[in-house]
Amino acid sequence: MDYSRDPNPVRHLLRRAARHVTTGIKAAQARGWNVALVLTPAAHRWSVEEAGGEAELDAWRDLTGPPVRHTYKLPSQSDVLPDPDALLVAPPPR
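Start counting the sequence shown at 145; every next residue gets the next number (my numbering).
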(Lines of atoms letter the chains of each structure in order from A; the text may use other names.)
(Lines give C-alpha, C1' and ligand atoms only; values in the text may rest on other atoms or scores of the structure.)
Protein backbone atom coordinates (compact mmCIF):
# COMPACT_ATOMS: atom_id res chain seq x y z
CA MET A 145 0.00 0.00 0.00
CA ASP A 146 1.26 3.48 -0.86
CA TYR A 147 0.73 5.38 2.39
CA SER A 148 2.04 8.61 0.87
CA ARG A 149 -1.24 8.90 -1.07
CA ASP A 150 -3.52 7.80 1.76
CA PRO A 151 -5.16 10.66 3.69
CA ASN A 152 -5.57 8.57 6.87
CA PRO A 153 -2.91 8.91 9.57
CA VAL A 154 -0.57 6.04 10.39
CA ARG A 155 -0.31 4.58 13.87
CA HIS A 156 2.49 2.24 14.85
CA LEU A 157 1.12 -0.25 17.36
CA LEU A 158 4.00 -1.48 19.51
CA ARG A 159 2.96 -4.62 21.35
CA ARG A 160 4.88 -5.74 24.40
CA ALA A 161 2.54 -8.70 24.77
CA ALA A 162 0.81 -10.49 21.94
CA ARG A 163 -2.67 -10.85 23.41
CA HIS A 164 -5.61 -8.95 21.90
CA VAL A 165 -3.55 -7.70 18.96
CA THR A 166 -6.35 -8.17 16.43
CA THR A 167 -8.76 -6.25 18.67
CA GLY A 168 -6.33 -3.32 18.93
CA ILE A 169 -5.71 -3.24 15.18
CA LYS A 170 -9.41 -3.31 14.33
CA ALA A 171 -10.25 -0.65 16.92
CA ALA A 172 -7.66 1.73 15.46
CA GLN A 173 -8.77 1.00 11.90
CA ALA A 174 -12.41 1.65 12.84
CA ARG A 175 -11.28 5.14 13.91
CA GLY A 176 -9.63 5.82 10.55
CA TRP A 177 -6.03 4.86 11.31
CA ASN A 178 -3.73 2.81 9.13
CA VAL A 179 -1.88 0.45 11.46
CA ALA A 180 1.68 -0.87 11.30
CA LEU A 181 2.31 -3.57 13.89
CA VAL A 182 5.61 -3.82 15.76
CA LEU A 183 6.11 -6.67 18.23
CA THR A 184 8.87 -6.80 20.79
CA PRO A 185 11.12 -9.82 20.28
CA ALA A 186 9.49 -11.49 23.32
CA ALA A 187 5.95 -10.84 22.03
CA HIS A 188 6.96 -12.27 18.65
CA ARG A 189 8.41 -15.38 20.27
CA TRP A 190 5.23 -15.89 22.31
CA SER A 191 3.09 -15.44 19.20
CA VAL A 192 5.06 -18.00 17.22
CA GLU A 193 5.69 -20.60 19.94
CA GLU A 194 2.63 -20.38 22.17
CA ALA A 195 -0.20 -18.71 20.27
CA GLY A 196 -1.19 -18.98 16.63
CA GLY A 197 2.27 -19.39 15.15
CA GLU A 198 3.34 -18.00 11.80
CA ALA A 199 -0.28 -18.16 10.58
CA GLU A 200 -1.22 -15.57 13.17
CA LEU A 201 1.59 -13.26 12.03
CA ASP A 202 0.41 -13.70 8.44
CA ALA A 203 -3.15 -12.81 9.48
CA TRP A 204 -1.92 -9.63 11.21
CA ARG A 205 0.09 -8.66 8.12
CA ASP A 206 -2.98 -9.26 5.93
CA LEU A 207 -5.03 -7.09 8.28
CA THR A 208 -2.54 -4.19 8.42
CA GLY A 209 -0.70 -4.25 5.09
CA PRO A 210 2.92 -3.65 6.11
CA PRO A 211 5.06 -6.51 7.38
CA VAL A 212 4.95 -7.18 11.12
CA ARG A 213 8.25 -5.96 12.51
CA HIS A 214 9.76 -7.88 15.40
CA THR A 215 13.47 -7.23 15.05
CA TYR A 216 15.38 -3.99 15.17
CA LYS A 217 16.79 -2.47 12.00
CA LEU A 218 20.07 -0.62 11.65
CA PRO A 219 19.91 3.12 11.04
CA SER A 220 21.46 2.55 7.61
CA GLN A 221 18.64 0.19 6.57
CA SER A 222 15.54 1.47 4.84
CA ASP A 223 12.31 1.21 6.77
CA VAL A 224 9.54 -1.08 5.51
CA LEU A 225 7.00 0.66 7.74
CA PRO A 226 5.44 4.02 6.89
CA ASP A 227 6.38 6.97 9.07
CA PRO A 228 4.00 7.13 12.04
CA ASP A 229 1.73 10.01 12.98
CA ALA A 230 1.26 8.36 16.40
CA LEU A 231 2.76 5.53 18.42
CA LEU A 232 0.75 3.38 20.79
CA VAL A 233 2.53 1.06 23.23
CA ALA A 234 0.29 -1.67 24.59
CA PRO A 235 0.12 -2.76 27.25
CA PRO A 236 1.72 0.34 28.76
CA PRO A 237 4.98 -0.10 30.66
CA ARG A 238 4.57 -0.36 34.42
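Think of the CB as a built atom: it goes at the ideal place given N, C-alpha and C, for glycine as much as any other residue.
Query raised in the report: Alpha carbon to alpha carbon, how far is Thr215 from Val233?
Result: The alpha-carbon atoms of Thr215 and Val233 are separated by roughly 16 Å.
Query raised in the report: Val182 and Leu201: beta carbons closer than 8 Å?
Result: no
Query raised in the report: Expressed to the nearest angstrom, what Euclidean distance is found between the alpha-carbon atoms of Ser191 and Leu207?
Result: 16 Å
Report task. Reducing DSSP to helix, strand and coil, say where Val224 ends up. Result -> In this structure, Val224 counts as coil in the three-state DSSP scheme.
Query - Alpha carbon of Gly197 to alpha carbon of His188, nearest angstrom - result: Going by the C-alpha atoms only, they are around 9 Å apart.
Report task. Might you give, ordered along the chain, the residues of its own chain that have their beta carbon closer than 7 Å to the beta carbon of Gln173, omitting 5 neighbours on each side? Result -> Val179
**Report entry** Reference Asn152; option with closest CA among Arg205, Lys170, His164, Arg175
**Finding:** In this structure, Arg175 is the residue among Arg205, Lys170, His164, Arg175 with its C-alpha nearest to the C-alpha of Asn152.
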